[in-house]
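Q: Below are the structure tokens for one structure; questions will follow.
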Amino acid sequence: MRKLIIFAFVGFFAQLIDGSLGMAFGLTSSSLLLAYGVAPAIASASIHMSEIATTAASGFSHYKFGNVDKKLVLILMIPGSITAFCGAAFLSSLPGEAAKPFISAFLLILGFYIVFRFLFQPIQSGSETKQLKWKKRYLYPLGAIAGFFDAVGGGGWGPINTPILLSQKGATPRKVIGTVDTSEFAITISATLGFILFLGWEQFNWLWVGAFVMGGVIAAPLAAWLVRVIPSFILGVLVGGFIILTNANTLLSEWNINGNAILIIYGILLVGWVLAIGVSIRKYKTPAPTNYI
Numbered sequence: 019m020r021k022l023i024i025f026a027f028v029g030f031f032a033q034l035i036d037g038s039l040g041m042a043f044g045l046t047s048s049s050l051l052l053a054y055g056v057a058p059a060i061a062s063a064s065i066h067m068s069e070i071a072t073t074a075a076s077g078f079s080h081y082k083f084g085n086v087d088k089k090l091v092l093i094l095m096i097p098g099s100i101t102a103f104c105g106a107a108f109l110s111s112l113p114g115e116a117a118k119p120f121i122s123a124f125l126l127i128l129g130f131y132i133v134f135r136f137l138f139q140p141i142q143s144g145s146e147t148k149q150l151k152w153k154k155r156y157l158y159p160l161g162a163i164a165g166f167f168d169a170v171g172g173g174g175w176g177p178i179n180t181p182i183l184l185s186q187k188g189a190t191p192r193k194v195i196g197t198v199d200t201s202e203f204a205i206t207i208s209a210t211l212g213f214i215l216f217l218g219w220e221q222f223n224w225l226w227v228g229a230f231v232m233g234g235v236i237a238a239p240l241a242a243w244l245v246r247v248i249p250s251f252i253l254g255v256l257v258g259g260f261i262i263l264t265n266a267n268t269l270l271s272e273w274n275i276n277g278n279a280i281l282i283i284y285g286i287l288l289v290g291w292v293l294a295i296g297v298s299i300r301k302y303k304t305p306a307p308t309n310y311i
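To convert, take the position in the sequence shown, counting from 1, and add 18; that gives the working numbering.
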């Protein structure tokens with residue numbers, strides 16, 4: 019019962035972060051499940067099943083708040099849905115214990131990427147009135163890559179799509195985040211169908227799914243509102259650090275590192291995380307152009 023309560027709280031905060039940053043529900047939730055010893059395919063399948071509800075709630079909320087670019091949603095979701103299904107098939111074919119350290123390493127790298135992305139490359143606010151013309155020849159491969167890694171890693175749609183789209187000159191952060199979150203609904207359904215087909219219904223833990231759904235659906239409307247006011251770089255550093263620590267624990271356990279070495283590694287990671295949080299807070303207090311999304 020305590021585990022389900024923890025999962026519900028994680029689902030709430032993961033969706034709060036995801037809806038505000040356009041990433042991290044899958045990464046945060048998958049990291050937690052892997053830390054509990056769940057096989058990668060089962061973890062990703064359970065997370066994607068729960069995301070059917072959370073992405074629907076998040077997409078609807080972003081749509082109501084005017085945070086969605088309808089044309090961009092369609093361009094991203096078509097290739098992403100195809101490769102998400104392929105990613106689910108690929109992950110389902112791998113032995114759970116053999117894949118676990120590789121998936122944790124992938125999530126760990128994304129955790130570091132998120133920290134550095136929001137610490138050293140603050141998101142600039144774009145014009146609310148400028149209509150960007152997205153180049154499809156770049157967007158189709160982007161959606162395809164993000165969809166595959168989202169299914170394989172249990173998260174990746176947001177961390178891959180959001181920063182690249184935000185790097186476009188004139189991009190409006192809330193529009194990009196709302197669009198990525200909304201398009202993820204189709205990717206989630208496609209990946210889930212793949213897991214159902216290649217793993218079977220019996221592999222899903224419905225109590226975990228229910229806990230993540232409960233927390234995520236409650237947080238979705240709040241996150242869609244917060245995307246207008248929250249300082250993204252502080253939240254990005256916080257969630258990135260959580261992902262790093264959780265997956266570092268999984269990898270250190272897999273590699274049978276001795277106790278003293280684990281303490282040293284964790285000490286270094288914790289000190290680095292605290293310093294990064296301090297820098298991001300200082301940046302928030304600095305009057306020169308502030309970074310809100």
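Glycine included, C-beta positions come from ideal geometry on N, C-alpha and C.
1) Measuring only the C-alpha atoms, how far is S47 from A57?
2) To the nearest angstrom, how far is the alpha carbon of F25 from that of F230?
3) Which two residues bound the contiguous alpha helix (DSSP H) that contains V91?
4) State buried or exposed for G234, treating a residue as buried only when at least 16 other CB atoms are found within 10 Å of its CB.
5) For G285 and A279, what's the separation of their Cα atoms in angstroms?
6) Can G98 and I207 be called in contact, C-beta distance under 8 Å?
7) If you draw a straight line from the C-alpha of W175 to the C-alpha of L293, how long is it?
8) Report the three-state DSSP secondary structure of G55 (helix, strand or coil).
9) Would M67 and T200 be called neighbours here (beta carbons separated by less than 8 Å)?
10) When you compare the segment 210 to 223 with the segment 64 to 81, are there three or more beta-carbon pairs, one atom per stretch, that lie closer than 8 Å?
11) Are there 16 or more other CB atoms within 10 angstroms of the CB of L137, so buried, or fewer, so exposed?
12) Which residues in the same chain have their Cβ closer than 6 Å to the Cβ of G105, if we skip the five residues on either side of it in sequence?
13) In whole angstroms, what is the alpha-carbon distance linking E272 and R155?
14) Using the Cα positions of F124 and V227, report the straight-line distance between them to the nearest angstrom.
A: On the basis of the coordinates in this document:
1) 13 Å
2) 6 Å
3) 88 to 110
4) buried
5) 10 Å
6) no
7) The alpha-carbon atoms of W175 and L293 are separated by roughly 28 Å.
8) coil
9) No, the pair does not count as a contact, with Cβ atoms beyond the cut-off.
10) Using a Cβ-Cβ distance cut-off of 8 Å, the segment 210 to 223 and the segment 64 to 81 are in contact, since at least three pairs of beta carbons, one from each stretch, lie closer than that value.
11) For L137, the number of other beta carbons within 10 angstroms of its own is at least 16, and it is reported as buried.
12) Hits under 6 Å: F166, A169, V170.
13) 41 Å
14) 23 Å
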